[in-house]
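A.B. asks: One structure coming up, written as structure tokens, with questions to follow.
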Amino acid sequence: MRVHIGGDHAAYELQRDLVNWLTEQGHEVVDHGPTSYDPLDDYPVFVLRAAQGVAADPDSLGIVLGGSGNGEQMAANKVEGIRAALAYNPELAQLAREHNDARIVSLGARMHSLQEGRAIVDAFLSTPFSGEDRHQRRIDMVSAYEADGALPPLP
Numbered sequence: 056m057r058v059h060i061g062g063d064h065a066a067y068e069l070q071r072d073l074v075n076w077l078t079e080q081g082h083e084v085v086d087h088g089p090t091s092y093d094p095l096d097d098y099p100v101f102v103l104r105a106a107q108g109v110a111a112d113p114d115s116l117g118i119v120l121g122g123s124g125n126g127e128q129m130a131a132n133k134v135e136g137i138r139a140a141l142a143y144n145p146e147l148a149q150l151a152r153e154h155n156d157a158r159i160v161s162l163g164a165r166m167h168s169l170q171e172g173r174a175i176v177d178a179f180l181s182t183p184f185s186g187e188d189r190h191q192r193r194i195d196m197v198s199a200y201e202a203d204g205a206l207p208p209l210p
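Written as structure tokens, this is what we have:
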């Protein structure tokens, strides 16, 4: 699987570990940076590029990383067509794929060990979208709102 990844200085060590580990697992990793440590870098520079990469590459998934993962998730979700989910354990990563068809997982490197980060990413990448009608219906409602601002009808 092709995996786009981008982060910032706060997640530099985890990002480097994931790039190497994912490559060893046989994934094609597209590293949007940073590729060197800079304590003053800004996550949008790298995260938005990773999210654009996923949006332009329908068969790929993505990982964005920062200190908490919050800002990175918010930035990735600004890219049209992207659903990014902050996951702080493997179960949330699995549910993000299975129920929400998230294409990007966001991790907070200050919140996880390297092993925990790997476990979250593994759960995300190995879980397919369920395709269940109820989940697709909800995704479609959000997509329609994004397209024209129309709220779903009340029950």
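Note that my numbering has the sequence shown beginning at 56, numbered continuously upward.
Glycine is no exception: its CB is placed at the ideal position from the N, C-alpha and C atoms.
Note that the structure is predicted; figures quoted are calculated from it, not measured.
1. Considering SER161, what are the terminal residues of the alpha helix (DSSP H) in which it resides?
2. Considering just the uninterrupted stretch of the beta strand (DSSP E) at HIS59, what are its terminal residues?
3. Use the C-beta contact count for ALA131: other C-beta atoms within 10 angstroms, 16 or more gives buried, fewer gives exposed.
4. Going by DSSP, which residues form a beta bridge with ALA86?
5. Below 8 Å on the Cβ atoms is my contact criterion, and I expect ALA178 with ASN155 to pass it. Report the Cβ-Cβ distance as a whole number of Å.
6. Tell me the DSSP secondary structure of ILE194 in three-state form.
7. Quick one: any contact between the segment 90 to 98 and the segment 155 to 164, if contact means 3 or more CB pairs under 8 Å?
8. Once you ignore the five residues that flank PHE101 on each side, which residues in its own chain have a CB closer than 7 Å to its CB?
9. Where MET129 and GLY121 are concerned, what is the direct C-alpha to C-alpha distance, given to the nearest angstrom?
10. Under 8 Å by Cβ, that's how I've got ILE159 and ALA106 pegged, so tell me the actual separation to the nearest angstrom.
C.D. replies: Put simply:
1. Careful: SER161 lies outside any alpha helix (DSSP H), inside the beta strand (DSSP E) at 159 to 163.
2. 57 to 61
3. buried
4. It should be pointed out that residue 86 corresponds to Asp in this sequence rather than to Ala. Looking at the DSSP assignment, ASP86 forms a beta bridge with ILE60.
5. Contact doesn't hold; Cβ gap of about 14 Å is too wide.
6. helix
7. no
8. GLY61, GLY62, ASP63, HIS87, GLY88, PRO89
9. 11 Å
10. 6 Å
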